[in-house]
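Enquirer: Numbering (our numbering), first residue to last: 92 to 592.
#1: Which residue from 372, 199 and 536 puts its Cα closest to that of residue 413?
#2: Do the region 414-423 and the region 494-514 touch if we need at least three Cβ pairs shorter than 8 angstroms?
#3: Alpha carbon to alpha carbon, what distance is there between residue 286 and residue 327?
#4: Exposed or buried, which one is residue 335 when buried takes at least 16 other CB atoms within 10 Å?
#5: Taking 8 angstroms as the cut-off, does the region 351-366 touch the region 440-459 (at least 3 CB pairs, one atom from each stretch)?
#6: Can you name, in chain order, every residue of its own chain whose Cβ lies under 6 angstroms from the Cβ of residue 495, other than the five neighbours on each side?
#7: Touch check for the region 209-228 and the region 313-322: three-plus C-beta pairs under 8 angstroms?
#8: Counting C-beta neighbours from all protein chains within 10 Å, is the total for residue 275 16 or more, i.e. buried, or is it exposed?
#9: Given a threshold of 16 other Cβ atoms within 10 Å of its Cβ, counted over all protein chains shown, does residue 598 qualify as buried or as exposed?
#10: State yes or no: is the C-beta of residue 445 within less than 8 angstroms of the C-beta of residue 516?
#11: Just tell me which of 159, 348 and 196 has its CA closest to the CA of residue 221.
#12: Find out if the Cβ-Cβ distance for the pair residue 411, residue 378 is shorter than 8 angstroms.
#13: So, for residue 198: in the same chain, excluding its five sequence neighbours on each side, which residues have a beta-carbon less than 8 angstroms away from its beta-carbon?
#14: Assign residue 364 to one of three DSSP states: helix, strand, or coil.
#15: Hey, out of 497, 533 and 537, whose CA is closest to residue 524's CA?
#16: Are the Cβ atoms of residue 492 and residue 553 separated by less than 8 angstroms?
#17: Would you report the Cα separation of residue 568 and residue 514, rounded to the nearest angstrom?
#18: So what's residue 410 in DSSP terms, helix, strand or just coil?
#19: What does the alpha-carbon distance come out to for the pair residue 264 and residue 245?
#20: Are the Cβ atoms of residue 225 and residue 332 separated by less than 8 angstroms?
#21: Count the other CB atoms, across all protein chains shown, that sit within 10 Å of the CB of residue 488; report buried if there are 16 or more and exposed otherwise.
#22: Please work out which residues of its chain come closer than 6 angstroms, Cβ to Cβ, to residue 178, disregarding the five sequence neighbours upstream and downstream, and give them in chain order.
#23: Between which two residues does the beta strand (DSSP E) harbouring residue 371 extend?
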């Protein structure tokens, strides 16, 4: 029996014995539990006839651990049987009835102002904490409680999507409490890194197919091509309380150099290479699996841990790089094309980019060659100059990797020819380089100054804005680069594209 299975079994036993204990030794507590159970008979439509929050008040007022586990299980069982309307009503009750106690908070504020010190500061801290945080902690004691709380937050996101005004603000406060607790429950110390391969149990492999968010896994044969060959790896973080449900996973391709196209990596008929011949590890898909853990950071730890594991397994690996999508580029470019006052695109550029509106434009070599320099120049501006709130890049994937200390290494024209890739980025993909000696410095430059650390190959595309000549393809150089990656001719992704058919 695994440790996680044993722990779940233990919690279930505690819950069952809690019920038996109060029946034998605590008539008053027995009445409390029986009354609480009666509070929630459900109608045929799945709506509570009586008040679920009252059951939560009962849980918060209790002191016995065994009885608390039993009652928490009852609450979660009732929650799981609510329909959408019932869930919305309960989440709003969490917002309005389970916040900080205003009377206690006012008293704590007055006490701190009258006598600032460690004791009054602690009292103020405790008074400011919403009651729902302690409720979530106690619900977490029930068997399956951790997963239930994660699913409850998923329901909260669905309710928030339709909320407005004061109601939305109240629900955002509930989400802040969920986020605060889940970040501690799912910190790196609790996570387990597991290697996913073709021998992994089918129930987990099925979830890998379902959760893949970057490059759709079409069927089991497609999954096998990503897991079984010697030059493929997949790693995932798990949590002991969700032992069969991945939190995040990364798919890795071992390669001789930095790739410019996802099609080549995922081609059905490709010939696998010997793992000992690989010098480059390519992170080509990173998928977060649990919507209820949105905002809880796993990717940074995952990439760094996988890099360490791969270096230990394959000492020949010298370069660690991504092949990443650019999910917001097409929408951003459409806004610039429609802006008469655009500082990014001249009228002549807009005329050239009008070809993007034509079906299968990428299949015509002449059209692709004309579009390439204009699109890459716009892409360089998008990454290096376009900013969102907080002086951060517009692109969400860029924010993730740059925040981890990676360098924007290369822009890849027509790197993703799938319908999804053409729709979201006109086929553009990019490489982010994780050069281990520079990660901390890059992270500090990004975090402190909002600086996008980028290779010269990317910055060259901006020179056209100041009238400089277009960048010329570099000649092949067999010598290895400083980061261990072999130098080579600038690929077609960075210059004129090859014919695409």
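Glycine included, every Cβ here is placed at the ideal spot set by N, Cα and C. Every value quoted in this text rests on a predicted model; they were computed, and no experiment measured them.
Expert: Checking against the coordinates, here is how it stands:
#1: To locate residue 413, count along the chain shown from 1; it is residue 322. For the options 372, 199 and 536, the alpha carbon positioned closest to that of residue 413 is the one of 372.
#2: The region 414-423 makes contact with the region 494-514; the number of CB pairs closer than 8 angstroms reaches 3 or more.
#3: Within the chain shown, residue 327 is the residue found at index 236, counting from 1. Within the chain shown, residue 286 is the residue found at index 195, counting from 1. Their Cα atoms are separated by approximately 7 angstroms.
#4: To locate residue 335, count along the chain shown from 1; it is residue 244. Looking at its Cβ environment, which holds fewer than 16 other Cβ atoms inside 10 Å, residue 335 is exposed.
#5: Fewer than three Cβ pairs drawn from the region 440-459 and the region 351-366 lie within less than 8 angstroms of each other, which leaves the two stretches out of contact.
#6: Here residue 495 refers to the residue found at position 404 of the chain shown. Excluding positions up to five away in sequence, the list reads 391.
#7: By the Cβ rule, the region 209-228 does not count as touching the region 313-322, because fewer than three pairs are nearer than 8 angstroms.
#8: Numbered from its first residue, the chain shown carries residue 275 at position 184. The residue in question, residue 275, is exposed, as its Cβ has fewer than 16 Cβ neighbours within 10 Å.
#9: Given that the chain is displayed from residue 92 to residue 592, the structure contains no residue 598 and the question cannot be resolved.
#10: The sequence position of residue 445 within the chain shown is 354, counting from 1. The sequence position of residue 516 within the chain shown is 425, counting from 1. No, the pair does not count as a contact, with Cβ atoms beyond the cut-off.
#11: Here the question's residue 221 lines up with position 130 in the chain shown. Of 159, 348 and 196, the residue nearest in Cα terms is 196.
#12: Here residue 411 corresponds to residue number 320 of the chain shown, with the count starting at 1. Here residue 378 corresponds to residue number 287 of the chain shown, with the count starting at 1. The criterion of a C-beta distance shorter than 8 angstroms is not satisfied by residue 411 and residue 378.
#13: On the chain shown, residue 198 is found 107 positions in, with the first residue counted as 1. Within the same chain, 218 come within 8 angstroms of residue 198 by CB-CB distance, once the 5 residues on both sides are set aside.
#14: In the chain shown, the residue the question calls residue 364 occupies position 273. Under the three-state reduction of DSSP output, residue 364 falls in the coil class, being neither helix nor strand.
#15: Residue numbering aside, residue 524 sits at position 433 when the chain shown is read from its first letter. Checking every option, the nearest Cα to that of residue 524 belongs to 497.
#16: In the chain shown, counting from the first residue as 1, residue 492 sits at position 401. In the chain shown, counting from the first residue as 1, residue 553 sits at position 462. Against a cut-off of 8 angstroms, the Cβ pair of residue 553 and residue 492 comes out as no contact.
#17: Looking up residue 568 in the chain shown gives position 477. Looking up residue 514 in the chain shown gives position 423. Any answer about residue 568 is weak, because its pLDDT of 41 lies below 50 and its placement is not dependable; what the coordinates show is given next. Taking the Cα positions, residue 568 is about 35 angstroms away from residue 514.
#18: Numbered from its first residue, the chain shown carries residue 410 at position 319. The DSSP-derived three-state label of residue 410 is strand.
#19: Here residue 264 refers to the residue found at position 173 when the chain shown is read from its first residue. Here residue 245 refers to the residue found at position 154 when the chain shown is read from its first residue. Straight through space, the alpha carbons of residue 245 and residue 264 are spaced by roughly 15 angstroms.
#20: Taking the first residue of the chain shown as position 1, residue 225 is located at position 134. Taking the first residue of the chain shown as position 1, residue 332 is located at position 241. It is not a contact, given that the beta carbons lie outside the stated cut-off.
#21: Position 397 of the chain shown holds residue 488. Flag for residue 488 reads buried.
#22: Translated into positions along the chain shown, residue 178 becomes position 87. Once the five neighbours on either side are set aside, the close Cβ partners of residue 178 are 246.
#23: Translated into the one-based positions of the chain shown, residue 371 becomes position 280. Note, residue 371: beta strand (DSSP E), 371-379.
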